[in-house]
Structures are given as structure tokens and as C-alpha cells.
Amino acid sequence: MKALEQVFALIDINNCYVSCERLFQPHLNHRPVVVLSNNDGCVVSRSEEAKRLGIKMAVPFYQVQELIQQHDVAVFSSNYALYAEMSRRFNNIIQEFVSAKDVEIYSIDETFIELSSYSQRDLNALAQEIKTTLWKWLALPVCVGIGQSKTEAKLANHLAKRNRYFNGVCNLLDMDLCSKEALFQHIDAAEVWGVGRKNAKKLQSLGIRSVFDLATSNPDQMERQFSILMKKTILELTGTACIELEHNTVSKQQIISSRSFGQRVTDIHALSEALSDYLQSAVQRLRAEKSLCGCMIIFAQSNRFDPRQVFYNQSVTIAFNEPTDSALLMNKAMMKHVTTLFQEGIAFKKCGVILTGLEPKQSYIHDLLTDTDAIEKQEQLQQVLDTVKNKFGVQKLAIGACKLQGRTWAMQRSHLSPNYFSWEGLLALGD
1 MKALEQVFAL IDINNCYVSC ERLFQPHLNH RPVVVLSNND GCVVSRSEEA
51 KRLGIKMAVP FYQVQELIQQ HDVAVFSSNY ALYAEMSRRF NNIIQEFVSA
101 KDVEIYSIDE TFIELSSYSQ RDLNALAQEI KTTLWKWLAL PVCVGIGQSK
151 TEAKLANHLA KRNRYFNGVC NLLDMDLCSK EALFQHIDAA EVWGVGRKNA
201 KKLQSLGIRS VFDLATSNPD QMERQFSILM KKTILELTGT ACIELEHNTV
251 SKQQIISSRS FGQRVTDIHA LSEALSDYLQ SAVQRLRAEK SLCGCMIIFA
301 QSNRFDPRQV FYNQSVTIAF NEPTDSALLM NKAMMKHVTT LFQEGIAFKK
351 CGVILTGLEP KQSYIHDLLT DTDAIEKQEQ LQQVLDTVKN KFGVQKLAIG
401 ACKLQGRTWA MQRSHLSPNY FSWEGLLALG D
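In this text, residue positions in the sequence shown follow UniProt numbering: the first is 1, and each later residue adds one.
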């Protein structure tokens, strides 16, 4: 291996949501399991057993209910708090093996690592050690793909998932050219990271159907017919790294918290509760990023696909004299404008909060006339709220009535498992 050659790996949790549910319910091992999307709408995660039954990804739940009952399939609503904590632990374990600067958390279940500075080691052994440790410590099954670019690593991971021969680790760097080309000829070009369905159709019209066809096409010609991104994809498939790791160090431009309702909302009090709940979620993320918010947008809308009523979509922008991260101040300001959003006779399907005008809290300098004592009091109160939530869970203390049980607007989650990392979900001896 050349000294300056770049090497990337992608570590991906197999059937992530299902795997997280099985950790605390091992009796589900070898039984078909599915996890549903928001409001129990569609299937978003399937065990291998569920896949073999023919349950497709993103299929509406109601379409497979008969099949699920017939084969005793275990069904769960998405438990995002549980999955987020498992993802955090997953990434912490990865950073036991490589430096944090060599890690990019790509999604809740996927992490890229750059192995260029570890190239003198046996990369297959390192990948197997990471894989084994994740299984021993978290019972998370993973596959690892290794290549000279992030696109190659993605493709290698795809191969590792679909070929038991690789034992969960596919290293394209170890393959001879003939073996690599043979594998690429049997993978649809649509499977390549960044190609997408629309581009895949256009590629097919040009006679490019497999990964091998795409990798051997002319990058410059493809750039003219598609874009620079397609050229980079082709170069990455041939071992030239064009996409570097992203370390998520750039501050977000905005934070969005919104959801569709479990039931249509026609009452202003229910709309207010939902907005308050989503605001508190957004502020939690704002404070975690140590940022301040200078402007807030709240919105509410009906179902655009409902032929029985005209689509209604309203928003209000609220600017703050001083950027803030106080949920109390922001909630008070928001409540003054809910009447502007609400309209009698409208069945609301969705609402949300957008925090924008974000800036780092540490570097913000207050105006000379600012009442810093009042800001300090708000900060102390907010810290108390944060402490209680962190210790006892977000359901224990909140602004208003938004965390009370039985809210009609709350997301429908009829099959929700406990959050085993919270006090309420803590397993007791004998469970």
C-alpha cells in the first residue's frame, strides 16, 4: 500500500432500529420484527426474518397488517430516544479504536472513519475487532466496508451485508482487479451512494446499468451530461477520494422541530400545547449546541392532499431584541402569536418551530443597556429545567400541559417500547 493512499471505512448497524429493540428483548431474536415510522405510518426497519416474509421497506403498515398477524411479527413504534442513546454509545466505542478527528457520524446508524494513518495495521483485523466489540458491548450487529474513498467504502459495506462470505467485513483494497470488477458487474448503478433514482433512469438510457459500467465511463463526459457530483462519484469508484470527512464543526443555520399530529387538531389550546412541546425540543438542541437564537418562525398547516378542504398554511416570524436560549422567554413570546396561526374550521395536520439567526453563545457580547441580572436569572432557571430533565427524563417537567398523558395531538405510537435508559424504562430484577 502506498504511504499517501487514503483509506476509508463505513461502519453500519444492521437493521438498526430492530437491533436496538432486540438488545433489551432477546426473546425477539430469530423472530420477525418491524419498526414503524412517525404515527405508525410505514415500515422503516425490518429484521432479516421480516424481509424474508416479503415485507418491503416503507410499505404502509395497514397494507401488511394481515401478513404481520399471520406470521406473529413483533411490531414497534419508533423509539427515537432509545435509538439516539444507542447511536451515541455505538460511536463512543468506535472512538476507542480511532481518533475522534478520523470519525464522521454520517447518520444515526452509519459512521465513516478515515484509516489512512492506520494503514500500517492489518485493516481487516481492526475492522473485525471493532465489529466484535460492538457486538459484545452493545449486541449491535454491524458490517464494515473498506475502500479508497467514501463511495467505495459505502459500496464495500453493501457487499458485506449481502455476502456471508465476507463475514461482515469487505475490504476492496485486498481484492484483485478481476474479483472487484466481477462484483461491480452484479450491482445495479442505482445502489451507488449519491446516484439516486432519477439519475439511475438516465444512466440506464445511456446503457449504464451496473456499477462496473459507471466506474468505467468517461468522468468528463458524464460531468457534461449530469454534474460535477457525478464526475466525483466516478472518480471515487476508481479509487480517487474526492469527498473528505465532515466533522460537523460548522454551526447549524437553523433548528427545526415539527411533526404531523396523531389526530387532526381543531382546537387552539391543543395547537398551543403542540407548539410548546416542539419549541422545548428545539431549545434542548439549541442549548446542546451552545447557541443563541435571534429569530423564531412558527407555522401550522392543514393536509395539502385533503380534497375536502382548501390547503391552509400560515407562519409567523418572531424576532428577539437579544438572542436567547431560554425556553421560557421564547414560549412566552410564541404564545402571543398562536391566535395568528389558528383559524376556526381548519383541521390542522402539522405544526412546527424553526429557530434561526443562530450564533455561538460563548462569543456573543450583550449591549451595554442589557439587563444582565434578568438574563442570569433566566439562565439559572433554565439550568434547573435542564438538570431535572437530564436526571428524570423529559416527561417529568415541562412548560404548560404539553407532557401530560392523552394529548390528542401527540404522535400516534401504539407499539412504543420503553426507553430503557430513562428512570421510567429502567429494567427491574425479574422483568
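Each residue gets a CB set at the ideal place from its N, CA and C atoms; glycine is no exception.
- Contact between S257 and V353 is confirmed by a C-beta separation of about 5 Å, below the 8 Å threshold.
- The beta carbon of Q343 sits closer than 8 Å to those of Y312 and Q314, all from its chain and outside the five residues before and after it, given in chain order.
- If only uninterrupted alpha helix (DSSP H) runs of at least 4 residues are considered, those enclosed by the segment 158 to 212 are 177 to 184 and 196 to 205.
- Contiguous alpha helix (DSSP H) elements confined to the segment 281 to 338 occur at 327 to 335, taking only those with 4 or more residues.
- Here DSSP, grouped into helix, strand and coil, assigns R52 to helix.
- Note that the C-beta distance between L134 and V142 is below 8 Å.
- Looking only at I146, K136, S217 and Q6, the smallest Cα-Cα distance to L123 is reached by I146.
- If the five residues before and after C242 are omitted, its C-beta is found closer than 6 Å to the C-beta atoms of K232, L235 and E236, all from its own chain and listed in chain order.
- For R89, the enclosing alpha helix (DSSP H) starts and ends at Y80 to I94.
- Annotation for V44: Y17, V35, L36, S37, M57, A58 and S78 place their beta carbon closer than 8 Å to its own, counting only its chain and skipping 5 residues before and after.
- Its chain contains no residue whose beta carbon lies nearer than 7 Å to that of R164 once the 5 sequence neighbours on both sides are disregarded.
- Contact annotation: I113 and V98 have beta-carbon atoms nearer than 8 Å.
- With a minimum length of 3 residues, the unbroken runs of beta strand (DSSP E) contained wholly in the segment 135 to 159 fall at 142 to 147.
- Residue T324 holds the alpha-carbon nearest to the alpha-carbon of A374 among T324, Q254, P26 and A9.
- Look at V64 here: in three-state DSSP terms it is helix.
- In the DSSP annotation of this structure, the continuous segment of the beta strand (DSSP E) that includes P360 starts and ends at F348 to P360.
- Between N39 and S281 the beta-carbon gap is near 17 Å, outside 8 Å, which marks them as no contact.
- Between the segment 189 to 196 and the segment 205 to 221, the count of Cβ pairs shorter than 8 Å is three or higher; the stretches touch.
- At the C-beta level, V7 and L138 stay beyond 8 Å of one another.
- Non-local beta-carbon contacts of H158 in its own chain, meaning distances under 8 Å to residues more than five positions away in sequence, involve G145, I187 and E191 in chain order.
- Nearest neighbour of L140 by Cα position, chosen from D220, A182, F76 and E21, turns out to be E21.
- Boundaries of the alpha helix (DSSP H) harbouring Q221: P219 to Q225, taken from the DSSP string.
- The C-beta distance from Q254 to L358 rounds to 7 Å, short enough to fall under 8 Å.
- Following the DSSP letters along the chain, one finds F97 in no alpha helix (DSSP H), marked with neither H nor E.
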